[in-house]
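*Asks:* Pasting a structure here, questions to come.
There are 2 protein chains.
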Amino acid sequence: MSEKPKRATIREVAQATGLSPAAVSYALRGIQTSEETQERVRAAAEELGYEAHPIARALASGRTGQVGLLCGSLEDYWQQSLAVGIGRALLARDRYALIVDAGGDPERELALARRLRDQRVDGLIVQPLDPSAALWAELAGTVPVVSIGDALHGGQAQGEVVFDNRRGVTLALEHLRDLGHQRVTVFTPTRASTPDRPADVHVNAEAERLGLRVDVVVVPQSLAEATEVATRVLGGPGRPSAVFCFADSIAYGVYAATRELGLAVPGDVAVCGYDNHPMSALLTPPLTTVDWDIDGIVHSAVRLVVDVIDGKPRKRRVVREPALRVRASTGGAPE
Amino acid sequence: MSEKPKRATIREVAQATGLSPAAVSYALRGIQTSEETQERVRAAAEELGYEAHPIARALASGRTGQVGLLCGSLEDYWQQSLAVGIGRALLARDRYALIVDAGGDPERELALARRLRDQRVDGLIVQPLDPSAALWAELAGTVPVVSIGDALHGGQAQGEVVFDNRRGVTLALEHLRDLGHQRVTVFTPTRASTPDRPADVHVNAEAERLGLRVDVVVVPQSLAEATEVATRVLGGPGRPSAVFCFADSIAYGVYAATRELGLAVPGDVAVCGYDNHPMSALLTPPLTTVDWDIDGIVHSAVRLVVDVIDGKPRKRRVVREPALRVRASTGGAPE
DNA sequence: CCGCATCAGTTAACCGGTTCAGTGAACCGC
DNA sequence: GCGGTTCACTGAACCGGTTAACTGATGCGG
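Top line first, the protein sequences correspond to chains Z and F. Residue numbers for the first sequence follow the UniProt record's numbering, so the first one is 1 and each next one is one higher. Residue numbers for the second sequence follow the UniProt record's numbering, so the first one is 1 and each next one is one higher.
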């Protein structure tokens, strides 16, 4: 432990090759030097076990090679998958992800966004709980910001991967209506009190259009709490014939509630989810859900943020379209 | 974007207070300065919106405030939970986690460990796929290493959170034996080819002791692939009456396989998992599994690594004991 | 053969903190 | 009243790279 594992510095490589440190710096990055010199430097570096010190590099160059990933709530399994995917994709591009979790709290989200900026991340990927916060504009002036899900208001983000949540809601509600349901309870995760979130607004508009009666119930993110709320709602009077959960994780809680209450899915209550987490296809019964092609989202978001960081111009806005996966939980044809 | 968001430096704060940069540095950390000076400096810093530059600080002090978290396989949902928990706990202690995923590949694990060290993390938490690799000793000489799960061979780690996997295996197999099963198939995730992993060895030893016939089948980490393998095994001739999955995630795949094959759980085949992921209690039927108290593990690991980094002496080894959660999937008394 | 650009490499400043050695003043006991 | 500490703070080196400005040599068109 106390032996100092002193590593070679760029000056030592310079000494070894008879070049200046600057030349070594250039050579190792393959610029402003002859092929031959680059080869010589590489050999010497290899010999000395030299590897550029990322901190020193970050300080001098102003780029840390790290991207902040600000998640709405990692209690949500789909968001966990998203985070894992983004971390993996960034690593493949030689960047590290700094993953932080707002835990569904919009204030915490903003505090963490500030912390990440102060940490000097090269870019920020955010799944905004509160897309209307003023902080986003300030942040976007400092560091490239890419949003996933809802677009930041005012279009300040350098990149956006937008979910067509209106379409997702329409798909789910139309499906339930087509199956003959008239009363639907919608379980939606805690959100910022932004009355203009497209998805939430759209639920009511769409319900009206389809002649559905909907009750919107806000549920906490954690599985245990979601189960509790669902048990209360489904066990109470006036039970709906169908529920639409705005996250598959919530649907998992609903499944648990139905079992506890002895209700059959979809016989007593049909359940439709949102996200299509890999688990959802494996449940009994398999969960009907709105699929968002997580790989495509990961790919778009990472590509956007990396390209902005690298100064490459790129299409700023990507809109993702959902697809309904009809499975047995709604009594539709099992997939 | 192109306006430079120049932030205040320590020299500006020094100028504003009439002190030297060194004094400001000390004052902000509350050392070697008078109370009054500290207050004055704090006020000036606030006024100027000064916040220490983490990169510069890291370069000068040699500590990055970042801890590497090297996961065995993030395909495994339990490990995802672990990673989320550790990230959260580190953040609460003002550190960032650099989460990377070996994807079940021992070679990749070592390569990533090296990358994290080169990134100058202050500490490393690792869930070793290959505890016998020579690299660990080298690494542990450079950076504090805390292992989770299996202990690193030779005891080089500065901290260890050891799972008593022998006990876990015993609990599961005894439970299945007590239920009258005589042939058990064990699904285990891909691992390093280390013949001396306690858990794997113990499966055979324990099976012999209990008079069980076991077949060990190695399955890939991903849900889809696990399902495929399970379908082949359970659909083939000589189907076992019980399976023991060395990870709940694998059990989820087995559930999917049984449904596909029209087998009843636990009627046709009993299923026992390992980990007790929160989802497992919500499945139909709820999954009997070996519980590892994830919060305790998170807490121990983070505490160990942070204390070692901070130079506080601390108990180096924590052994976690599992508990069997008997649920309906093995036909035991439902919880 | 001249003027100008390009190439390969050097020098020195710089990024923004931390820390070690040193300094003057106040304080202490006797 | 004096040597020895302690306290609060300063100056300068240092962490290990990157980069702007500059230099000398070479190449090229005309």
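In this text, a Cβ means the ideal position worked out from N, Cα and C, and glycines have one as well.
What are the uninterrupted segments assigned as beta strand (DSSP E) that are 3 or more residues long and contained completely in the region 123-204 of chain F, given in chain order?
*Replies:* As far as the region 123-204 of chain F is concerned, its whole beta strand (DSSP E) runs of at least 3 residues are 123-126, 145-149, 159-163 and 183-189.
*Asks:* Thinking C-beta only, is F187 (chain Z) closer than 9 Å to A230 (chain Z)?
*Replies:* Counting from one through the first sequence, the residue named residue 230 (chain Z) turns up at place 230. Counting from one through the first sequence, the residue named residue 187 (chain Z) turns up at place 187. Yes, these two residues count as a Cβ contact at 9 Å.
*Asks:* So with Cβ pairs under 9 Å, would you call H53 (chain F) a contact of chain Z?
*Replies:* As a first step, residue 53 (chain F) must be located in the second sequence, where it is residue number 53. Judged by the 9 Å Cβ criterion, H53 (chain F) is in contact with chain Z.
*Asks:* Which class does L70 (chain Z) belong to by DSSP, given the choice of helix, strand or coil?
*Replies:* The count along the first sequence starts at 1 and reaches residue 70 (chain Z) at position 70. Three-state result, L70 (chain Z): strand.
*Asks:* Please report whether the beta-carbon of D293 (chain Z) lies at a distance below 9 Å from any beta-carbon of chain F.
*Replies:* Translated into the one-based positions of the first sequence, residue 293 (chain Z) becomes position 293. Chain F contact via Cβ: absent.
*Asks:* Taking only beta-carbon atoms, is T227 (chain Z) less than 9 Å away from chain F?
*Replies:* Reading the first sequence from its first residue, position 227 is the one you call residue 227 (chain Z). Yes, because at least one Cβ of chain F sits closer than 9 Å to the Cβ of T227 (chain Z).
*Asks:* Which residue comes first and which comes last in the beta strand (DSSP E) that contains A323 (chain Z)?
*Replies:* Position 323 of the first sequence, counted from the first residue, corresponds to residue 323 (chain Z). A323 to R325 is the extent of the beta strand (DSSP E) around A323 (chain Z).
*Asks:* Against chain F, does V306 (chain Z) count as a neighbour if the rule is that its beta carbon must be under 9 Å from one of theirs?
*Replies:* By 1-based counting over the first sequence, the position of residue 306 (chain Z) is 306. Cβ-Cβ to chain F under 9 Å: no for V306 (chain Z).
*Asks:* For V253 (chain F), would you say it is in contact with chain Z, using Cβ-to-Cβ distances shorter than 9 Å as the test?
*Replies:* Residue mapping note: residue 253 (chain F) aligns to position 253 of the second sequence, counting from 1. Note that residue 253 (chain F) corresponds to Gly in the displayed sequence, not to Val. For G253 (chain F), the answer is yes, since a Cβ of chain Z falls inside 9 Å of its Cβ.
*Asks:* List, in order along the chain, the chain F residues whose C-beta lies closer than 8 Å to that of I99 (chain Z)?
*Replies:* Translated into the one-based positions of the first sequence, residue 99 (chain Z) becomes position 99. Correct list: G87, A97 and I99.
*Asks:* Spatial neighbours of T190 (chain Z) within its chain, please: C-beta separation below 7 Å, excluding the five flanking residues on both sides.
*Replies:* Along the first sequence, one-based indexing puts residue 190 (chain Z) at 190. Within the same chain, T190 (chain Z) has close Cβ partners G104, V218, P220 and Q221.
*Asks:* Rounded to whole angstroms, how far is the Cβ of D118 (chain Z) from the Cβ of C71 (chain Z), which I believe are closer than 8 Å?
*Replies:* Translated into positions along the first sequence, residue 118 (chain Z) becomes position 118. Translated into positions along the first sequence, residue 71 (chain Z) becomes position 71. Their Cβ separation, rounded to whole angstroms, is 18 Å, which puts D118 (chain Z) and C71 (chain Z) out of contact at 8 Å.
*Asks:* Nearest chain Z C-beta to S25 (chain F) closer than 9 Å, yes or no?
*Replies:* Counting from 1 along the second sequence, the entry for residue 25 (chain F) is found at position 25. With 9 Å as the cut-off, S25 (chain F) does not count as an interface residue toward chain Z.
*Asks:* Tell me the residue span of the beta strand (DSSP E) that contains V290 (chain Z).
*Replies:* Here the question's residue 290 (chain Z) lines up with position 290 in the first sequence. Counting along the chain, the beta strand (DSSP E) containing V290 (chain Z) begins and ends at T288 to D291.
*Asks:* By a C-beta neighbour count over all protein chains shown, 10 Å radius and 16 as the cutoff for buried, is R232 (chain Z) buried or exposed?
*Replies:* On the first sequence, position 232 is the one that residue 232 (chain Z) refers to. So R232 (chain Z) counts as exposed.
*Asks:* Where A89 (chain F) and D307 (chain F) are concerned, what is the direct C-alpha to C-alpha distance, given to the nearest angstrom?
*Replies:* Position 89 of the second sequence, counting from 1, holds the residue named residue 89 (chain F). Position 307 of the second sequence, counting from 1, holds the residue named residue 307 (chain F). Cα to Cα, the separation comes out at about 13 Å.
*Asks:* One question on the structure: do L74 (chain Z) and V126 (chain Z) come within less than 9 Å of each other, judged by their Cβ atoms?
*Replies:* Looking up residue 74 (chain Z) in the first sequence gives position 74. Looking up residue 126 (chain Z) in the first sequence gives position 126. No, Cβ-Cβ distance for L74 (chain Z) and V126 (chain Z) is not below 9 Å.
*Asks:* Buried or exposed: A207 (chain F), going by 16 or more other Cβ atoms within 10 Å of its Cβ?
*Replies:* Sequence index remark: in the second sequence, residue 207 (chain F) carries index 207 (1-based). Flag for A207 (chain F) reads buried.
*Asks:* Answer yes or no: does any C-beta atom of chain Z fall closer than 9 Å to that of P278 (chain F)?
*Replies:* Within the second sequence, the letter at position 278 stands for residue 278 (chain F). P278 (chain F) counts as touching chain Z.
*Asks:* With a threshold of 7 Å on Cβ separation, who are the neighbours of I86 (chain Z) within its own chain once the five nearest residues in sequence on each side are excluded?
*Replies:* Your numbering for residue 86 (chain Z) matches position 86 in the first sequence. L69, A97, I125, V298, A301 and V302.
*Asks:* So T284 (chain Z) contacts chain F; which residues on that side make the cut at Cβ distance below 8 Å?
*Replies:* For the purposes of this step, residue 284 (chain Z) is taken as the residue at position 284 of the first sequence. Simply Y255, R259, L283 and T284.
*Asks:* Given a threshold of 16 other Cβ atoms within 10 Å of its Cβ, counted over all protein chains shown, does P322 (chain F) qualify as buried or as exposed?
*Replies:* On the second sequence, position 322 is the one that residue 322 (chain F) refers to. That one is buried.
*Asks:* Quick test of the definition: if touching needs 3 or more C-beta pairs under 8 Å, does the region 166-183 of chain Z touch the region 142-152 of chain Z?
*Replies:* Not touching, per the Cβ criterion.
*Asks:* Can you check DSSP and say which residues form a bridge with V306 (chain F)?
*Replies:* Translated into positions along the second sequence, residue 306 (chain F) becomes position 306. V306 (chain F) is not bridged to any residue.
*Asks:* Name the residues in the region 117-142 of chain Z whose C-beta lies less than 7 Å from a C-beta of chain F; which are they?
*Replies:* The residues in question are D118, Q119, R120, G141 and T142.
*Asks:* Rounded to whole angstroms, what is the Cα-Cα separation between Q38 (chain Z) and A44 (chain Z)?
*Replies:* Here the question's residue 38 (chain Z) lines up with position 38 in the first sequence. Here the question's residue 44 (chain Z) lines up with position 44 in the first sequence. Looking at the two C-alpha atoms, the distance is approximately 10 Å.
*Asks:* Is the beta carbon of P285 (chain Z) closer than 9 Å to that of A328 (chain Z)?
*Replies:* Position 328 of the first sequence, counting from 1, holds the residue named residue 328 (chain Z). Position 285 of the first sequence, counting from 1, holds the residue named residue 285 (chain Z). In contact: A328 (chain Z) and P285 (chain Z) (Cβ atoms closer than 9 Å).
*Asks:* Applying the 10 Å Cβ sphere with the 16-neighbour rule, what's the burial state of A264 (chain Z)?
*Replies:* The count along the first sequence starts at 1 and reaches residue 264 (chain Z) at position 264. Exposed.
*Asks:* Tell me the rounded alpha-carbon separation between V162 (chain Z) and A226 (chain F).
*Replies:* In the first sequence, counting from the first residue as 1, residue 162 (chain Z) sits at position 162. In the second sequence, counting from the first residue as 1, residue 226 (chain F) sits at position 226. Rounded to the nearest angstrom, the two C-alpha atoms are 32 Å apart.
*Asks:* Could you confirm whether any beta carbon from chain F is found closer than 9 Å to the beta carbon of V84 (chain Z)?
*Replies:* Along the first sequence, one-based indexing puts residue 84 (chain Z) at 84. Output row for V84 (chain Z): interface = yes.
*Asks:* Once DSSP output is grouped into helix, strand and coil, what is the label at M1 (chain F)?
*Replies:* Taking the first residue of the second sequence as 1, we reach residue 1 (chain F) at position 1. Bear in mind that the predicted position of M1 (chain F) carries a pLDDT of just 42, short of 50, making it unreliable; the figure below should be weighed with that in mind. Three-state result, M1 (chain F): coil.
*Asks:* Report the residues of the region 207-239 of chain F with a CB closer than 8 Å to any CB of chain Z, ordered along the chain.
*Replies:* Here the close residues are L223, A224 and T227.
*Asks:* Just the chain F side, please: which residues come within less than 7 Å of L59 (chain Z) by C-beta, in chain order?
*Replies:* Counting from one through the first sequence, the residue named residue 59 (chain Z) turns up at place 59. Result: I55, A56 and L59.
*Asks:* Look at the alpha carbon of L135 (chain Z) and the alpha carbon of S61 (chain F), and state the distance between them as a whole number of angstroms.
*Replies:* Here residue 135 (chain Z) corresponds to residue number 135 of the first sequence, with the count starting at 1. Here residue 61 (chain F) corresponds to residue number 61 of the second sequence, with the count starting at 1. Cα to Cα, the separation comes out at about 31 Å.
*Asks:* Can you check which of these residues, F:V290, F:F246 and F:T64, is closest to T185 (chain F) by C-alpha distance?
*Replies:* Position 185 of the second sequence, counted from the start, is the residue given in the question as residue 185 (chain F). Nearest C-alpha to T185 (chain F): F:F246.
*Asks:* Let's see if you can read the secondary structure: which residues bound the alpha helix (DSSP H) around L48 (chain F)?
*Replies:* Numbered from 1 along the second sequence, position 48 holds the residue referred to as residue 48 (chain F). Counting along the chain, the alpha helix (DSSP H) containing L48 (chain F) begins and ends at E35 to L48.
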